[in-house]
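Same order as they appear, the protein sequences are chains A and B. To convert, note that position 350 of the first sequence is 350 in the numbering used here; the numbers rise steadily by one, no gaps. Numbers in the numbering used here are just positions in the second sequence, counted from 1, shifted up by 1000. One structure below.
Number of protein chains: 2
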Amino acid sequence: MKKIFFTPGPSQLYFTVEEHLKSALKDNVASISHRSKAYEAIHQRAVENIKELLQLPEGYHVLFTGSANEIWERIVQNLIVSESFHFVNGSFSNRFHDIAENYKINALAKKAEDGKVVAPEEALIPQSCELIAMTQNETSTGAAQPLEDIYAIRKAFPDKLLSLDVVSSAPYIPMDYSQVDTAYFSVQKCFGLPAGLGVWIVNVACVEKALEKLNNDQIIGSYHSLPSMLEKSEKNQTSETPNVLGIDLLGKVTGDMLTKGIDQIRRETEYKSAVLYQAIEECSQLAPFVKEEKYRSKTTLVAETKVDSSEVIGALAQKGIVLGSGYGKYKKEHIRIANFPTHSKESAELIADELVRNFK
Amino acid sequence: MKKIFFTPGPSQLYFTVEEHLKSALKDNVASISHRSKAYEAIHQRAVENIKELLQLPEGYHVLFTGSANEIWERIVQNLIVSESFHFVNGSFSNRFHDIAENYKINALAKKAEDGKVVAPEEALIPQSCELIAMTQNETSTGAAQPLEDIYAIRKAFPDKLLSLDVVSSAPYIPMDYSQVDTAYFSVQKCFGLPAGLGVWIVNVACVEKALEKLNNDQIIGSYHSLPSMLEKSEKNQTSETPNVLGIDLLGKVTGDMLTKGIDQIRRETEYKSAVLYQAIEECSQLAPFVKEEKYRSKTTLVAETKVDSSEVIGALAQKGIVLGSGYGKYKKEHIRIANFPTHSKESAELIADELVRNFK
């Protein structure tokens, strides 16, 4: 039976990826020099498509790393000297906090209970902190920070750098990126691409901070310091030999998404999310883990299970549907359902029907 | 016309890659969780095949990064506190030296003239230095450090960490890895794989050094600190969501290489190298850039051209052969020819014939 992955880590590939891979092989994309015009065109297409899809403001740069983990580290190295503040809504926002501590940053944090988010008024952000880290969509718990919260923090702290994790919500989330200084995602979530590539968005305030650190003789990394990355990026190149095939596929898939239209992608995401949450609410054996509706993620849906989560996962597996288990300590108590652009309305309806049929 | 890439950056894909990609798509390799048993099996196969192919001693670990550039940085972060010594035989060994300087390491260096290597007796390595960095095969100039030189340095400095760049010579070079503490390569050279993956080999002395730094409250990175990488690696996992597809292809291609046999790969590499150097010597318009035969790379052959290198590259392009131009300032004055395991004897003979026919 053909499987469809609704896991929120690596997930189902975007439905056009296989064809794009074939054409990439035909065009020798994996063999061309990363210093060639052919590569520069591939790089430029990916950057321009992302800018258009996310409607990035003028002056925002798009850079490529190996993973979102790497971006956390590069933010710490380039954008913080001594103090940061982290909204911790779950395991992934907590990991960013840990990475800052690994670099001897005084990393302050306000932690939400699992399944909730830190409200802006709960966060006591001191004047001494240089960067505020928020996670729009916490993949571990399915708790999403409303965009108004992010805009409220921006308004309250206009002079601090604001960093936003949109790892598992871009491009669905209709974020106004002018309200943050840096944002990032990895391609194996909503973009439906093979893992091994992170996308890092930075504005001029980030560049200035990195240069200030550099001019003060502080370490900001090496081949992937922000100034090094930007210097190459201006030529549509990278410092190292990058994941050329991944960047090629990213440019092609974002092109497909632009053709489909971001509004259509958003409407479909909301429809599928509504269908799935309704089914979860109908099931006596299941309940949304995030109790307050306004904090519920529409791209990574998490449900508590009264039975062992493997029972729910097993029931759907019989229909070729691969659901995710709970994250970390919730492995057996939660299921996680990705609702990404590649997932069809029909397959979301199938999951909803099967959940209700088996676990009502 | 079908092209064959003899470029020494990204190069021709190993001839089995296309089939392996197809089976990876069929098996949902890009969609499975990087915390699943299925991923662990993929990871383990790649690690074990590399250990066997390179005949790594007991106790050596194989780790995955995004690039060889990243490995330079991780070596600096984890294995050096204050001083390193670099054998600089060209642009890539020099870049490692620069990365150490970016991290405020007192990075000493002995630089060879282009096309030559630093002989062991020329290197004045002080007792204070913690790590000695050597480059077995310098991709920019085609100068290769003889293995005896590496063994001589090991013998002279048994207490220092010795790091070896085999980016463009592994698995061809019959290196005794017990003579170094760390070595590394990227997969887009001899392994014929899409770029976006670096392979880092470390022994227990490296692990001890990283732990010593950590225990002395020094920064050794975060998700890719050596202890973090090892902890995950012991479970056949990685800290971040890795380039799963790349690791899958690496395991499959190294499996193919084991089936073929490393001795056969080495014999063929030497045959093709001899054919190509002989042709270069026969051409009045060409000459090996590395004058002393014992320093000539057998995997990345560099020739000076009396005509503009684009003429030579253009002549071969008519036969579907893509040669590399010179590196950096030698762009117009050199050609570079990769001689990797995927390149057939017949295609090497074709290049030799065409060079002689056009440039004798």
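C-beta: ideal position from N, C-alpha, C; glycine also. Only a predicted model underlies this, so the values are computations on that prediction, with no experimental measurement involved.
Quiz item: Between B/I1132 and B/K1360, what straight-line distance do the alpha-carbon atoms span, to the nearest angstrom?
Solution: As a working note, residue 1132 of chain B is residue 132 in the second sequence. As a working note, residue 1360 of chain B is residue 360 in the second sequence. Rounded to the nearest angstrom, the two C-alpha atoms are 42 Å apart.
Self-check item: Short Cβ contact (9 Å threshold) for B/D1308 with B/K1272
Solution: As a first step, residue 1308 of chain B must be located in the second sequence, where it is residue number 308. As a first step, residue 1272 of chain B must be located in the second sequence, where it is residue number 272. Result no, Cβ atoms of B/D1308 and B/K1272 do not sit closer than 9 Å.
Quiz prompt | Neighbour flag for A/D98 against chain B, beta carbons, 9 Å | solution = For the purposes of this step, residue 98 of chain A is identified with residue 98 of the first sequence, where counting begins at 1. Cβ-Cβ to chain B under 9 Å: yes for A/D98.
Quiz item: DSSP puts A/L162 in a beta bridge; with which residues?
Solution: Here the question's residue 162 of chain A lines up with position 162 in the first sequence. A/I132, per the DSSP bridge assignment.
Quiz item: Which value, in whole angstroms, describes the spacing of the CA atoms of B/K1003 and B/T1259?
Solution: Residue 1003 of chain B sits at position 3 when you count from the first residue of the second sequence. Residue 1259 of chain B sits at position 259 when you count from the first residue of the second sequence. Roughly 26 Å between the two C-alpha positions.
Exercise. Starting from A/R95, trace the alpha helix (DSSP H) both ways and give me its first and last residue.
Key: For this step, residue 95 of chain A is matched to residue 95 along the first sequence. Here the alpha helix (DSSP H) through A/R95 covers S91 to N102.
Exercise. Decide if A/P242 is buried, meaning its Cβ has at least 16 other Cβ atoms within 10 Å, or exposed.
Key: Taking the first sequence and counting its residues from 1, the one referred to as residue 242 of chain A is at position 242. Looking at its Cβ environment, which holds 16 or more other Cβ atoms inside 10 Å, A/P242 is buried.
Exercise. Identify each residue in the region 185–203 of chain A for which the Cβ-Cβ distance to at least one residue of chain B is less than 7 Å, and report them in chain order.
Key: S186, Q188, P194, A195 and G196
Quiz prompt | Contact set between the region 1005–1019 of chain B and chain A, restricted to residues whose Cβ is under 7 Å from the partner | solution = F1005, T1007, G1009, P1010, S1011, Q1012, L1013 and E1018
Quiz item: At a Cβ threshold of 9 Å, is A/G142 touching chain B?
Solution: Position 142 of the first sequence, counted from the start, is the residue given in the question as residue 142 of chain A. For A/G142, the answer is no, since every Cβ of chain B falls outside 9 Å of its Cβ.
Practice problem: Return helix, strand or coil for A/Y277, following the three-state DSSP convention. | Solution: Sequence index remark: in the first sequence, residue 277 of chain A carries index 277 (1-based). It is helical.
Practice problem: Report the residues of the region 1315–1330 of chain B with a CB closer than 7 Å to any CB of chain A, ordered along the chain. | Solution: none
Quiz item: Between A/N236 and A/V180, what straight-line distance do the alpha-carbon atoms span, to the nearest angstrom?
Solution: Along the first sequence, one-based indexing puts residue 236 of chain A at 236. Along the first sequence, one-based indexing puts residue 180 of chain A at 180. Cα-Cα distance, rounded: 24 Å.
Self-check item: Residues, ordered as in the chain, of the region 92–121 of chain A that lie near chain B by beta-carbon distance below 7 Å
Solution: I99, N102, Y103 and K104
Quiz item: Out of curiosity, what's the CA-to-CA distance linking B/L1108 and B/C1129?
Solution: Here residue 1108 of chain B is taken as the residue at index 108 of the second sequence, counted from 1. Here residue 1129 of chain B is taken as the residue at index 129 of the second sequence, counted from 1. Approximately 9 Å between the Cα atoms of the pair.
Quiz item: When the Cα of B/A1315 is compared with those of B/P1341, B/V1302 and B/I1351, which residue comes out closest?
Solution: As a position in the second sequence, residue 1315 of chain B is number 315, starting the count at 1. Measuring from the Cα of B/A1315, the nearest candidate turns out to be B/I1351.
Self-check item: Cβ-based neighbour list, B/S1067, same chain, cut-off 8 Å, excluding 5 preceding and 5 following
Solution: The residue labelled residue 1067 of chain B in the question sits at position 67 within the second sequence. The answer, listed in chain order, is S1186, A1195, G1196, L1197 and G1198.
Practice problem: Please report the Cβ distance between B/F1006 and B/L1323, rounded to the nearest whole angstrom; I am assuming they are in contact, meaning their Cβ atoms lie under 8 Å. | Solution: Against the second sequence, residue 1006 of chain B aligns to sequence position 6. Against the second sequence, residue 1323 of chain B aligns to sequence position 323. At roughly 5 Å, the Cβ-Cβ gap stays under 8 Å, so B/F1006 and B/L1323 are in contact.
Practice problem: Run the CB neighbour count on A/R267, radius 10 Å, all protein chains shown included, and call it buried at 16 or more, exposed below. | Solution: Here residue 267 of chain A is taken as the residue at index 267 of the first sequence, counted from 1. Looking at its Cβ environment, which holds fewer than 16 other Cβ atoms inside 10 Å, A/R267 is exposed.
Quiz item: Going by the beta-carbon positions, is the gap between B/T1141 and B/D1114 smaller than 9 Å?
Solution: Translated into the one-based positions of the second sequence, residue 1141 of chain B becomes position 141. Translated into the one-based positions of the second sequence, residue 1114 of chain B becomes position 114. In this structure, B/D1114 lies closer than 9 Å to B/T1141 by Cβ.
Exercise. Look at the alpha carbon of B/E1048 and the alpha carbon of B/G1261, and state the distance between them as a whole number of angstroms.
Key: Walking along the second sequence from the start, residue 1048 of chain B turns up at place 48. Walking along the second sequence from the start, residue 1261 of chain B turns up at place 261. Using only the alpha carbons, I get a separation of about 15 Å.
Self-check item: Interface flag, A/A170 vs chain B, CB-CB below 9 Å
Solution: One-based indexing of the first sequence puts residue 170 of chain A at position 170. So, not an interface residue.
Practice problem: Mind the definition here: the region 214–221 of chain A touches the region 41–56 of chain A only if three or more C-beta pairs lie below 8 Å; say whether that holds. | Solution: no
Quiz item: Interface residues of chain A around B/K1365 at Cβ under 7 Å?
Solution: Shown here, chain B extends from 1001 to 1360; a query on residue 1365 of chain B therefore has no answer.
Exercise. List the residues of chain A whose Cβ lies closer than 8 Å to the Cβ of B/F1240, in chain order.
Key: The residue labelled residue 1240 of chain B in the question sits at position 240 within the second sequence. Per the sequence shown, residue 1240 of chain B should be read as Glu rather than Phe. Correct list: G66, S67, A68, N69 and E70.
Quiz item: Taking the C-alpha atoms as reference points, what is the distance between B/P1057 and B/L1079?
Solution: As a working note, residue 1057 of chain B is residue 57 in the second sequence. As a working note, residue 1079 of chain B is residue 79 in the second sequence. When rounded, the distance between both Cα atoms is 20 Å.
Quiz item: What in chain B is Cβ-close to A/V244, meaning under 9 Å?
Solution: Residue 244 of chain A sits at position 244 when you count from the first residue of the first sequence. Correct list: P1010, Q1188, P1194, A1195 and G1196.
Quiz item: For a contact meaning CB atoms closer than 7 Å, what does B/G1255 contact in chain A?
Solution: As a working note, residue 1255 of chain B is residue 255 in the second sequence. Going along chain A, no residue has its Cβ under 7 Å from B/G1255, so there is no contact; the nearest lies around 19 Å.
Quiz item: Does the beta carbon of B/E1130 sit closer than 9 Å to a beta carbon anywhere in chain A?
Solution: Counting from 1 along the second sequence, the entry for residue 1130 of chain B is found at position 130. It does not: the Cβ of B/E1130 has no partner Cβ on chain A nearer than 9 Å.
Exercise. Give a yes or no on whether the C-beta atoms belonging to A/F87 and A/P126 are separated by under 9 Å.
Key: Numbered from 1 along the first sequence, position 87 holds the residue referred to as residue 87 of chain A. Numbered from 1 along the first sequence, position 126 holds the residue referred to as residue 126 of chain A. No, Cβ-Cβ distance for A/F87 and A/P126 is not below 9 Å.
Quiz item: Does the region 21–34 of chain A come close enough to the region 1198–1211 of chain B that 3 or more CB-CB pairs lie under 8 Å?
Solution: no
Self-check item: Classification of B/L1168 by the beta-carbon crowding that lies within 10 angstroms, buried from 16 upward
Solution: Position 168 of the second sequence, counted from the start, is the residue given in the question as residue 1168 of chain B. Strictly speaking, residue 1168 of chain B in this sequence is Ser, with Leu absent from that position. With 16 or more Cβ atoms within 10 Å of its Cβ, B/S1168 is classed as buried.
Self-check item: Proximity winner among B/S1228, B/D1263, B/K1026 and B/N1216, relative to B/Q1055 (alpha-carbon distances)
Solution: As a first step, residue 1055 of chain B is located in the second sequence; it is residue number 55 there, counting from the start. For B/Q1055, the nearest C-alpha among the options comes from B/D1263.
Practice problem: Check whether the Cβ atoms of B/L1161 and B/K1104 sit closer than 9 Å, and answer yes or no. | Solution: As a working note, residue 1161 of chain B is residue 161 in the second sequence. As a working note, residue 1104 of chain B is residue 104 in the second sequence. Their beta carbons are not under 9 Å apart, which means B/L1161 does not touch B/K1104 by this criterion.
Exercise. Using only alpha-carbon positions, find the residue among B/F1015, B/V1062 and B/H1020 that is nearest to B/M1229.
Key: In the second sequence, residue 1229 of chain B corresponds to position 229, counting from 1. For B/M1229, the nearest C-alpha among the options comes from B/V1062.
Quiz item: So A/D256 packs on A/T16, CB below 8 Å; how close in whole Å?
Solution: Within the first sequence, the letter at position 256 stands for residue 256 of chain A. Within the first sequence, the letter at position 16 stands for residue 16 of chain A. At roughly 5 Å, the Cβ-Cβ gap stays under 8 Å, so A/D256 and A/T16 are in contact.
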